[in-house]
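Numbering (this note's numbering), first residue to last: -5 to 249.
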DNA sequence: ATGTCACCTGGTAGGTGA
C-alpha cells in the first residue's frame, strides 16, 4: 500500500489537481498540509465522491491539515495533546492497521525569532507525544512538511543555506531526536539519485534550476522498516500550471 | 534579478507568511 504527504499550499486552489493526483496514484492514505481552510470550507463532498474518507483540522488563512484514506480512520487526534496551540498543524488517526500522524511543522522564519522559539517548543512537544504514541502504536508513520532539511545533501546549496532556517543545528538535532525514538527516514532506506528535493521556492526559477530542499519526510517506526519497499518524491505535480511549491512524497509498504 | 504565490484587509493596493 501507498502512503503520501503533500503540502498543497491552499486546498481551495489545489483541489482539482489533488483529485487528479489521487486518481492516478491511488494512495491508501494522503496527509495534507497548508489547506488554509476553516473546517466549514473543507471540500468533503468532492473527496468523498472521489472515494476517500477524510478528517480535517483547519483555520482561517494559515496552516490547516487533513488526512484522506481509503479505509475509515479511527481514534482521530487534532494537534498535540497537552500542547496549547492556536495553530492547526497536526492530525492523527489509526487507519489500515497503522497509526498515521500528519504534521505541518512550524516554518520558524529565522533563527533567534519568536517564530523560531515557537518551532523549538513545538518540536519538543511533538517529540514527547510521538514517544508516547509509539508505546501504544508500534506500527506508526509520522509524515508531513517538517520544514527541516536533515543533512547538507538535502540542500541544493549547503554553503548558502548554512545556519539558515530549515538547516540550523538546532532543527537538525530535533530531527535526529525523532529518529532516536525508533523512527527511520524512509527516503534514506534506499540509494537515491542526488539532488532530490521536495520543495522549490516559487521565486528565482528555482524549480527550473532544481534549486530546492528536501523538507517533506516520511518517518516509519522500526517495526515497519522491513515493509518499506520504496520512497519517492513525485515531481510531476510541481510541473502543473498552478503548482504548489511542494511536491508529494510517497512511501510504498508491502504486506 | 528585489525574479512568486496565496490570503487578508479594505478596497482595486499593501501587508504578511512562506
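We put the beta carbon where it would ideally sit given N, CA and C, even for glycine.
Per the DSSP calculation, residue 138 is bridged to which residue(s)?
Numbered from 1 along the first chain, position 144 holds the residue referred to as residue 138. DSSP, once it has assigned bridges, lists 97, 211 as partnering residue 138.
Would you mind working out which of 239, 219, 139 sits nearest residue 200, comparing C-alpha positions?
Numbered from 1 along the first chain, position 206 holds the residue referred to as residue 200. It is 239 whose Cα lies nearest to the Cα of residue 200.
So what does DSSP say about residue 155, is it helix, strand or coil?
What you label residue 155 is simply residue 161 of the first chain in a count that begins at 1. In this structure, residue 155 counts as helix in the three-state DSSP scheme.
Select from 211, 142, 222, 230 the residue whose C-alpha is nearest the C-alpha of residue 26.
Numbered from 1 along the first chain, position 32 holds the residue referred to as residue 26. Nearest C-alpha to residue 26: 211.
Alpha-carbon to alpha-carbon, residue 217 and residue 132
In the first chain, the residue the question calls residue 132 occupies position 138. In the first chain, the residue the question calls residue 217 occupies position 223. Distance between the alpha carbons of residue 132 and residue 217: 7 Å.
Cβ neighbours of residue 179 in the same chain (closer than 8 Å, five flanking residues each side left out):
For the purposes of this step, residue 179 is taken as the residue at position 185 of the first chain. Contacts found: 144, 173, 211, 212, 213.
Assign residue 198 to one of two classes, buried (16 or more other C-beta atoms within 10 Å of its C-beta) or exposed (fewer than that).
Here residue 198 is taken as the residue at index 204 of the first chain, counted from 1. Residue 198 should be labelled exposed.
With distance defined between alpha-carbon atoms, name the residue in 228, 171, 12, 242 nearest to residue 44.
Position 50 of the first chain holds residue 44. Of the listed residues, the one whose Cα sits closest to residue 44 is 12.
At least three beta-carbon pairs within less than 8 Å, the segment 110 to 118 to the segment 60 to 68:
no
Just list the residues that DSSP pairs residue 70 with in beta bridges.
The residue you call residue 70 lines up with position 76 of the first chain. Its beta-bridge partners do not exist; DSSP assigns none.
Every unbroken beta strand (DSSP E) inside the segment 185 to 240 [3 residues or more]
210 to 215, 222 to 227
Quick one: is residue 83 buried, meaning 16 or more other Cβ sit within 10 Å of its Cβ, or exposed?
Translated into positions along the first chain, residue 83 becomes position 89. Buried.
Just verifying my parser: in three-state terms, what is the DSSP assignment at residue 92?
Position 98 of the first chain, counted from the first residue, corresponds to residue 92. Residue 92 falls in the strand class under three-state DSSP.
Determine the direct distance from the alpha carbon of residue 209 to that of residue 1, and round the result to whole angstroms.
As a first step, residue 1 must be located in the first chain, where it is residue number 7. As a first step, residue 209 must be located in the first chain, where it is residue number 215. Approximately 11 Å, taken between the alpha carbons.
Looking at residue 244 and residue 19, is the spacing between their C-beta atoms short of 8 Å?
Locating residue 19 in the first chain gives position 25, counting from the first residue. Locating residue 244 in the first chain gives position 250, counting from the first residue. Yes, the Cβ-Cβ distance between residue 19 and residue 244 is below 8 Å.
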